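In our numbering, the protein residues as written are 68 to 138.
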Amino acid sequence: MATRIITVSELKTKLGAMMAELEEQGVPLYVTQYGKPKAVLARYDEYEALLKKLEDLEDLLAMMESLAAPE
68 MATRIITVSE
78 LKTKLGAMMA
88 ELEEQGVPLY
98 VTQYGKPKAV
108 LARYDEYEAL
118 LKKLEDLEDL
128 LAMMESLAAP
138 E
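Right under this line is the structure:
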């Protein structure tokens, strides 16, 4: 997946265009300020999918830890 990096200033002036680009291409936008990463702008459905995967992994880890724990 391609990486798209934009500055906070660019995001402020081009938000509408960036949202359209995000919807069309699905490529997350990495937002920087003073050359440092500050945020990621991603499609809502992709963000929700990431949260679901994280929750599933946390559940799996908890299950593995409980199985490995001595009784």
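Glycine included, each C-beta is placed from N, C-alpha and C at the ideal position. Computed from a prediction, not measured in an experiment: that's the story for all the values here.
Straight-line gap, residue i to residue j (C-alpha atoms, nearest Å)
i: L134; j: L121; result: 20 Å
i: M130; j: D123; result: 11 Å
i: I72; j: K119; result: 25 Å
i: G83; j: K103; result: 23 Å
i: A136; j: L128; result: 12 Å
i: E115; j: E138; result: 36 Å
Rounded Cβ spacing between residue i and residue j (contact assumed at less than 8 Å)
i: L117; j: V98; result: Their Cβ separation, rounded to whole angstroms, is 17 Å, which puts L117 and V98 out of contact at 8 Å.
Per DSSP, cross-strand counterpart(s) of residue i
i: L96; result: R71, L108
i: K103; result: Q100
Residue closest to residue i, alpha-carbon to alpha-carbon, out of the options
i: R110; options: V94, P104, A136, L82; result: V94
i: E90; options: T74, D126, D112; result: D112
DSSP state of residue i mapped onto helix, strand, coil
i: K81; result: coil
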